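Chemist: With UniProt numbering applied, the sequence shown covers 1 to 65. For glycine and all other residues, C-beta sits at the position ideal for the given N, C-alpha and C. Source: prediction; values computed, not measured.
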Amino acid sequence: MVKSNLAKLMKEKKLTYRRLAELSGVAGETINRARGTLIYECKLSTLDALAKVLDVNIKDLFDEN
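(1) Roughly how many angstroms lie between the CA atoms of LYS3 and LYS43, to the nearest whole one?
(2) So which of ASP55, GLU41 and THR46 has the shortest CA-CA distance to GLY25?
(3) With distances taken from CA atoms, which of GLU22, ARG35, ALA51 and ALA21 is nearest LEU6?
(4) Would you kindly work out how many angstroms separate the C-alpha atoms of LEU23 and ILE39, rounded to a whole number?
(5) With H, G and I counted as helix, E and B as strand and the rest as coil, what does DSSP make of LYS14?
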(Lines of atoms letter the chains of each structure in order from A and count residues from 1; the text may use other names and numbers.)
(Lines give C-alpha, C1' and ligand atoms only; values in the text may rest on other atoms or scores of the structure.)
Protein backbone atom coordinates (compact mmCIF):
# COMPACT_ATOMS: atom_id res chain seq x y z
CA MET A 1 0.00 0.00 0.00
CA VAL A 2 1.11 3.56 -0.69
CA LYS A 3 0.04 6.98 0.51
CA SER A 4 -2.16 8.88 -1.95
CA ASN A 5 -1.76 12.52 -3.01
CA LEU A 6 -4.94 12.45 -5.09
CA ALA A 7 -7.10 14.55 -2.75
CA LYS A 8 -4.38 17.23 -2.56
CA LEU A 9 -3.96 17.31 -6.35
CA MET A 10 -7.72 17.48 -6.89
CA LYS A 11 -7.94 20.42 -4.48
CA GLU A 12 -5.09 22.23 -6.28
CA LYS A 13 -6.83 21.72 -9.64
CA LYS A 14 -10.25 22.55 -8.14
CA LEU A 15 -11.74 19.25 -9.34
CA THR A 16 -14.51 17.31 -7.64
CA TYR A 17 -14.36 13.53 -7.80
CA ARG A 18 -17.38 13.58 -10.11
CA ARG A 19 -15.68 15.98 -12.53
CA LEU A 20 -12.44 14.01 -12.42
CA ALA A 21 -14.42 10.85 -13.14
CA GLU A 22 -16.12 12.52 -16.08
CA LEU A 23 -12.85 13.81 -17.55
CA SER A 24 -10.80 10.66 -16.94
CA GLY A 25 -13.35 7.95 -17.63
CA VAL A 26 -12.53 6.41 -14.24
CA ALA A 27 -15.49 5.39 -12.08
CA GLY A 28 -16.35 7.89 -9.36
CA GLU A 29 -16.30 5.11 -6.77
CA THR A 30 -12.73 4.25 -7.75
CA ILE A 31 -11.67 7.89 -7.43
CA ASN A 32 -13.43 8.19 -4.09
CA ARG A 33 -11.48 5.19 -2.76
CA ALA A 34 -8.19 6.49 -4.21
CA ARG A 35 -8.72 9.89 -2.53
CA GLY A 36 -8.30 8.17 0.82
CA THR A 37 -5.00 8.21 2.60
CA LEU A 38 -3.82 4.77 1.46
CA ILE A 39 -4.12 2.96 -1.87
CA TYR A 40 -3.99 -0.82 -1.67
CA GLU A 41 -4.24 -1.54 -5.39
CA CYS A 42 -4.97 0.33 -8.59
CA LYS A 43 -4.62 -0.49 -12.28
CA LEU A 44 -1.86 1.27 -14.17
CA SER A 45 -4.41 2.38 -16.78
CA THR A 46 -6.44 4.06 -14.01
CA LEU A 47 -3.39 5.86 -12.66
CA ASP A 48 -2.45 6.94 -16.18
CA ALA A 49 -5.94 8.36 -16.86
CA LEU A 50 -5.97 10.30 -13.57
CA ALA A 51 -2.44 11.64 -14.08
CA LYS A 52 -3.29 12.87 -17.57
CA VAL A 53 -6.34 14.83 -16.42
CA LEU A 54 -4.44 16.26 -13.44
CA ASP A 55 -1.46 17.05 -15.72
CA VAL A 56 1.03 15.30 -13.44
CA ASN A 57 3.32 12.27 -13.64
CA ILE A 58 1.96 9.02 -12.23
CA LYS A 59 4.57 9.16 -9.44
CA ASP A 60 3.08 12.51 -8.34
CA LEU A 61 -0.11 10.69 -7.34
CA PHE A 62 1.81 9.19 -4.41
CA ASP A 63 3.59 10.55 -1.36
CA GLU A 64 7.23 9.44 -1.37
CA ASN A 65 7.56 9.53 2.43
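Modeler: Let me lay it out:
(1) 16 Å
(2) THR46
(3) ARG35
(4) Going by the C-alpha atoms only, they are around 21 Å apart.
(5) coil
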